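Notes to accompany the following structure.
Residue numbers (this note's numbering): 9 to 220.
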């Protein structure tokens, strides 16, 4: 029994913080030696995904809405980069408040948010004129309560692709159009906590390179 409860929310956060810290030091050291580039960006868009929980008369549904985010990417070479990302995901929670099965469903809606911290590997194509394609994949941790009595911590896996349109001849700034698939996995051992689910994000962002 002790083994199943050894992983707590605080220990997960501490492990992720240590991992991120080690990766930041590694990437910063590599960039300082080779004079690579740092990409900074912001993005926003819409998410498509619905998840629910039910038991008897109890029914609760969460529908994902818009998302906002920011990234910092370290280019290790011309084709490969390591990307740190922070994102906020808005959602609408609907709870069926009826007290009897003969009553029609009556939903009480509230808004909430999920905060995600993640790390992605990025594979870039060669630039053709002002256009560049990319693939990315990675993992992170998602915080926020989708449902009542939710533990609020999930592992988040993601993978996606996109295209960048550079705005200047110096290839310093670009518009980024991306599509990503996300899988949330519940880290709680509490059987009353809602499980994981998957969803899709469409987004547009603005990015610029900063040499250091």
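Each residue gets a CB set at the ideal place from its N, CA and C atoms; glycine is no exception.
For clarity, every value in this text was computed on a predicted model and none was experimentally measured.
Buried or exposed by the 16-neighbour rule on C-beta atoms within 10 Å, applied to residue i
i          : result
residue 47 : buried
residue 40 : Bear in mind that a pLDDT of 42 at residue 40, under 50, signals an unreliable position, so the model cannot answer this.
residue 43 : Note on residue 43: pLDDT 47, under 50, position unreliable in the model; no value is reported.
residue 92 : buried
Rounded separation between residue i and residue j - CA only
i           : j           : result
residue 189 : residue 209 : 6 Å
residue 162 : residue 124 : 9 Å
residue 225 : residue 75  : A query on residue 225 cannot be resolved here, the shown segment of the chain reaching from 9 to 220 and no further.
residue 37  : residue 114 : Unreliable placement is indicated for residue 37, whose pLDDT of 48 sits below 50; no coordinate value is reported for it.
residue 90  : residue 151 : 22 Å
residue 207 : residue 94  : 17 Å
residue 159 : residue 145 : 26 Å
residue 130 : residue 99  : 28 Å
residue 193 : residue 88  : 27 Å
residue 79  : residue 165 : 16 Å
residue 169 : residue 184 : 10 Å
Start-to-end residues for the beta strand (DSSP E) that takes in residue i
i           : result
residue 68  : 66 to 83
residue 98  : 88 to 104
residue 118 : 115 to 132
residue 159 : Counting along the chain, residue 159 falls outside any beta strand (DSSP E), and DSSP gives it neither H nor E.
residue 142 : 139 to 151
residue 61  : 58 to 63
Contact belief for residue i with residue j at Cβ below 8 Å, rounded distance in angstroms
i         : j          : result
residue 3 : residue 97 : One cannot answer for residue 3 here, as it falls past the ends of the chain, which runs 9 to 220.
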